[in-house]
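K.L.:
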Amino acid sequence: MDGVAEPLSDRELLARHVAGDHDAFGEIVRRHRDRLWAVALRTLGDREEAADAVQDAFVSAFRAAHTFRGQAAVTTWLHRITVNACLDRLRRAENRRTSPVSDSDRFEELLEPHESAEVPAERKELHSELVTALGTLPADQRAALVLVDMQGYPVAEAADILGVPMGTVKSRCARGRARLLPLLSHLHSGTMDNAAAAGGRNRTGSASVTPTAAQHKPRSDQGGGGNP
Amino acid sequence: MNSEQNFVGTDEQHPEVEEISALTEGVLPQDRTDEVRAHLFGCELCADVRDSLEEIRGLLGRLPGPPQMPADVAGRIDAALAAETLLAATSPTPGEPVERRPASTPQRRAHAAGGPARSARSGPGRGQGGGSRRRRSPAVLLALTCALVVLGFSAFFISALTSGDSGSDMGAKADRATAPVHGYTDANLEPTVRKLLTSGQDDSSAKYHRENGETSERSPLVRPSKNPVGPSLPGCVLKATGRPSEQPLATDQGVYRGKQVDVVVLPDRSDSRRVNVFLVDSSCANASPSGTGTVLLQRTVPRS
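Going down the list, the protein sequences come from chains A and B.
1 is the number of the first residue of the first sequence in full-length UniProt numbering; add one for each residue after it.
1 is the number of the first residue of the second sequence in full-length UniProt numbering; add one for each residue after it.
(1) Using DSSP with H/G/I as helix, E/B as strand and the rest coil, what is ASP174 of chain A?
(2) In the DSSP assignment, what are the bridge partners of ASP281 of chain B?
(3) Under a Cβ-count criterion, where at least 16 other Cβ atoms within 10 Å of its own Cβ denotes burial, should GLY127 of chain B be classed as buried or exposed?
(4) Counting only beta-carbon atoms, is ARG57 of chain B nearer than 8 Å to chain A?
(5) When the Cα of ASN276 of chain B is compared with those of B:PRO248, B:VAL261, B:ALA287 and B:GLY293, which residue comes out closest?
(6) Compare the beta carbon distance of PRO234 of chain B and ALA287 of chain B with 8 Å and say whether it is the shorter of the two.
(7) Would you say ASP252 of chain B lies against chain A (beta-carbon separation less than 8 Å)?
(8) Check ASN276 of chain B in the structure and name its three-state DSSP category.
(9) With a threshold of 8 Å between beta-carbons, can GLU18 of chain B be considered close to chain A, or not?
(10) For the candidate residues B:THR85, B:PHE41 and B:GLY291, whose alpha-carbon lies nearest to that of ASP23 of chain A?
(11) Is THR43 of chain A helix, strand or coil by DSSP?
(12) Determine the direct distance from the alpha carbon of ALA47 of chain B to that of GLY161 of chain A, and round the result to whole angstroms.
(13) At a cut of 8 Å, does the region 43 to 51 of chain A reach the region 85 to 98 of chain A through at least three beta carbon pairs?
(14) Mind listing the chain A neighbours of ARG269 of chain B? Cutoff is C-beta to C-beta under 8 Å, in chain order.
(15) Could you check how far apart the C-beta atoms of ALA80 of chain B and VAL39 of chain A are, in whole angstroms? I think they sit under 8 Å.
(16) Taking 8 Å as the threshold, find out whether the region 173 to 181 of chain A comes into contact with the region 119 to 127 of chain A through three or more Cβ pairs.
(17) Enumerate in chain order the residues of its own chain whose CB-to-CB distance from LEU137 of chain A is below 8 Å, with the five nearest sequence positions on each side excluded.
(18) Could you check if GLN151 of chain A is buried or exposed, using at least 16 other CB atoms within 10 Å of its CB as the buried criterion?
(19) The beta strand (DSSP E) that contains GLN141 of chain A, what's its start and end?
(20) Give a yes or no on whether the minimum CB-CB distance between ASP11 of chain B and chain A is below 8 Å.
(21) So is GLY42 of chain B buried or exposed if we call it buried at 16+ other beta carbons inside 10 Å?
(22) Can you list, in chain order, the residues of its chain whose CB lies under 7 Å from that of PRO302 of chain B, leaving out five sequence neighbours each side?
(23) Closer than 7 Å by beta-carbon distance: list the chain A residues that pair up with PRO66 of chain B, in chain order.
(24) Sorted by chain position, which residues of the same chain lie with C-beta nearer than 7 Å to ASP56 of chain A's C-beta, five sequence neighbours on each side aside?
(25) Buried or exposed: HIS17 of chain A, going by 16 or more other Cβ atoms within 10 Å of its Cβ?
(26) Residues of chain A with CB closer than 8 Å to the CB of GLY26 of chain B, please, in chain order.
(27) Can you find a CB in chain A that lies within less than 8 Å of the CB of ALA240 of chain B?
(28) With a threshold of 16 other CB atoms inside 10 Å of the CB of ASP21 of chain A, please say whether the residue is buried or exposed.
(29) Based on the DSSP output, what are the partners of GLN55 of chain A in its beta bridges?
(30) Is the shortest distance between the beta-carbon of VAL280 of chain B and the beta-carbons of chain A less than 8 Å?
(31) Hey, LEU8 of chain A and VAL74 of chain A are a contact pair by Cβ (cut 8 Å); roughly how many whole angstroms apart?
(32) What residues from chain A crowd round ASP31 of chain B, counting only those whose CB sits closer than 9 Å?
(33) Under DSSP, the beta strand (DSSP E) around GLN30 of chain B begins and ends at which residues?
(34) May I ask which residues mark the beginning and end of the alpha helix (DSSP H) holding VAL131 of chain A?
(35) Using a beta-carbon distance below 8 Å, is ARG257 of chain B in contact with chain A?
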């Protein structure tokens, strides 16, 4: 996973750090910081929050290195600490009942710098909608989707990172995707010819919604689309 | 009520989107799995939902992500960790394993790590609570301060931290137990030594000191400008260099790879622009003061 053949393994570096080698931990940081940054930024949707979370995580790992027992990969251990730091922050934010508007704004703004000028406007809009929608998901579902769907970790590894059974990761992903669906459906109806049915089923408040479609309007519409 | 889409039966409800999603993940209960799968087979509408869910999954995977950690964030983390390293090295009993330090110096750690550094595990009473955004500015400033300190002024930073603890005259060279120590690494050896050498030639230490609001006339921070040599070292350390009769350009005390070391800087005999640096295990002062210490690291580095 590291991509680069390093002379020392993560475990060896961690052991050296515990033994007092002041350079060892810095090498661990250099190896893993980009991936952890991506996870934190996508989970939290806010640059400063993500920076705080990753910093907290690395400092925690620095101090707790002697507790690492090698039952997991160092990268999984680091991810676990980072994701926990992110979830702590998300839950605190949820407790503060941060307004969904500001959440969405922040999620959108984190996409902007990374989109190149050549990306078509439609695609940009889609990305933006998706990222905004992601920001409305409950923390657990968001974290699962970031790890599995966005970062591409195997479900087993995501389960290790999150400290839950694989089935739980799968159902969090399933529920998260279900909640994203209605939030994206209006883009589908605008950009896809064959989306009439899906759009009809999920688009709310549209004149084309049939009674049948309204009847099985997904539950997630109420929770996802219109936060109070 | 019947539309053309309802051909599976007027009484049959379409499954929830969540159920269709759970089916694709294989986490739907078996009996329900059979029902929903049968429904999907005959219902174009719900099959579309399933396809859309797959599409969302694909879209998430193709989202352009942040390519790498921005330099300012990476620098901030490096600074926080460098502060951790330095603080670990200033433990009252240098040389003991790093991991035992945090418990003994909680306040200093919290200060230097910029506040937000806490255990990532959630737990009651951690009390960060709200307002992290408001607290961020001082934290960032502190982190930047740490970065500056690490980059060039580590000696003085450590002195400032430890002076509050000892409350004694930090100029007392004989008091080896409480003397400020530097964390020496292979990477920072050169700049740290350069700092030792230049501290006697300009006023930067005192200036930096004032800028950080820690001004104290008695402070050891001013001392190096008057005495570039540094603490006097036991004979066993000087002997370890093989050149005990020479006057060191500078000396220092620090920690290297978890061991307390005395640092001796001697002029390089073949190149006046370079100096020889010796990191000598300082335990010989107690074990056999008249013997010869062990050199843990010897390097030749440019003077400037």
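Glycine residues also receive a C-beta, built at the ideal position from the N, C-alpha and C atoms.
This one's a predicted model, so the numbers in the text were calculated from it and none came from an experiment.
P.N.:
Per the coordinate set shown:
(1) Inspection of the sequence shows that residue 174 of chain A is occupied by Ala rather than by Asp. Looking at ALA174 of chain A - three-state DSSP - the assignment turns out to be helix.
(2) B:VAL261
(3) Residue confidence for GLY127 of chain B is low, a pLDDT of 36 falling below 50, so the modelled location carries little weight; the figure read from the coordinates is stated next. Exposed is the call here.
(4) yes
(5) B:PRO248
(6) no
(7) no
(8) strand
(9) yes
(10) B:THR85
(11) helix
(12) It is Ile, not Gly, that sits at residue 161 of chain A in the sequence shown. Each residue's Cα considered, the two are about 33 Å apart.
(13) yes
(14) Near ARG269 of chain B there are no residues of chain A at all, since even the closest Cβ is about 29 Å away, more than 8 Å.
(15) About 19 Å separates the two Cβ atoms, so there is no contact after all.
(16) no
(17) LEU145, GLY176, ARG179, LEU180 and GLY224
(18) buried
(19) Segment 139 to 145 is the alpha helix (DSSP H) holding GLN141 of chain A; no beta strand (DSSP E) there.
(20) With a pLDDT of 44 at ASP11 of chain B, under the threshold of 50, the modelled position of that residue is not reliable, and no figure is offered here.
(21) exposed
(22) ARG273 and ARG274
(23) TRP37, ALA38, LEU41 and HIS114
(24) ALA85
(25) buried
(26) LYS170
(27) no
(28) buried
(29) Bridge partners of GLN55 of chain A: none, in fact.
(30) no
(31) The Cβ separation is near 11 Å, so there is no contact.
(32) By Cβ distance, chain A contributes nothing, its closest Cβ being about 17 Å from ASP31 of chain B, past 9 Å.
(33) Taken as a continuous stretch (DSSP letters only), GLN30 of chain B belongs to no beta strand (DSSP E), being part of the alpha helix (DSSP H) at 30 to 42.
(34) 121 to 134
(35) yes
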